[in-house]
Amino acid sequence: MSSTNNALLVLARILLSFMFIMSGFGKLADPSGTAGMISGAGLPAADLLAYAAGLYELVAGLFILVGFQTKLTAWSIALFCVFTGLVFHSGTVAIEGWPEGALGWINTLNQIMMMKNITLAGGYIALAIVGAGAYSIDARRGSTSAVTA
Numbered sequence: 188m189s190s191t192n193n194a195l196l197v198l199a200r201i202l203l204s205f206m207f208i209m210s211g212f213g214k215l216a217d218p219s220g221t222a223g224m225i226s227g228a229g230l231p232a233a234d235l236l237a238y239a240a241g242l243y244e245l246v247a248g249l250f251i252l253v254g255f256q257t258k259l260t261a262w263s264i265a266l267f268c269v270f271t272g273l274v275f276h277s278g279t280v281a282i283e284g285w286p287e288g289a290l291g292w293i294n295t296l297n298q299i300m301m302m303k304n305i306t307l308a309g310g311y312i313a314l315a316i317v318g319a320g321a322y323s324i325d326a327r328r329g330s331t332s333a334v335t336a
């Protein structure tokens, strides 16, 4: 793979990791919003799952950023994106007492979040296929994650 492509893979890893690192920090600092979504979806142990999601997002994002266990992590995040998209963003939102116009806007935003999650899954699957590239921890360790499939 050319040095230009390897440099572009670094850029791709930075862009793909940014949201997960920031979101993970946010969930760990204040898990209440995430816990509310988890509880609203009918899942148990909402507080514990919110912290687990935050820790997962932070660690997985950092792994992608530095190119460590990239293929495995990318597959994991792709599945996470599809799961969270289907569980938390596939339905309509109904908040008692909110005006219809506001609910329409929230439901449109929810649809966009679903599409974002599915689109991100595609990006992570592509990263899982090509690996982290030469400028990564995987490449320094001689991992197959640094080589194209």
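The numbering used here puts the first residue of the sequence shown at 188, with every later residue one more than the last. Yeah, the Cβ is synthetic: ideal placement off N, Cα and C, and Gly gets one too.
Counting only the Cα atoms, R328 lies some 43 Å from G278. Unbroken alpha helix (DSSP H) runs of no fewer than 4 residues, entirely contained in the region 229–303, are found at 233–253 and 257–276, following chain order.
Take the alpha-carbon of Q298 and the one of A194: they are about 33 Å apart.
Under the three-state reduction of DSSP, G318 is assigned to coil, being neither helix nor strand. A residue is called buried once 16 or more other Cβ atoms fall within 10 Å of its Cβ, and E287, having fewer, is exposed. In the pairwise beta carbon analysis, the region 234–250 is classified as touching the region 208–224: at least three pairs are separated by under 8 Å. No residue range can be given for S323, since it is assigned to no alpha helix (DSSP H) and is classified by DSSP as neither H nor E.
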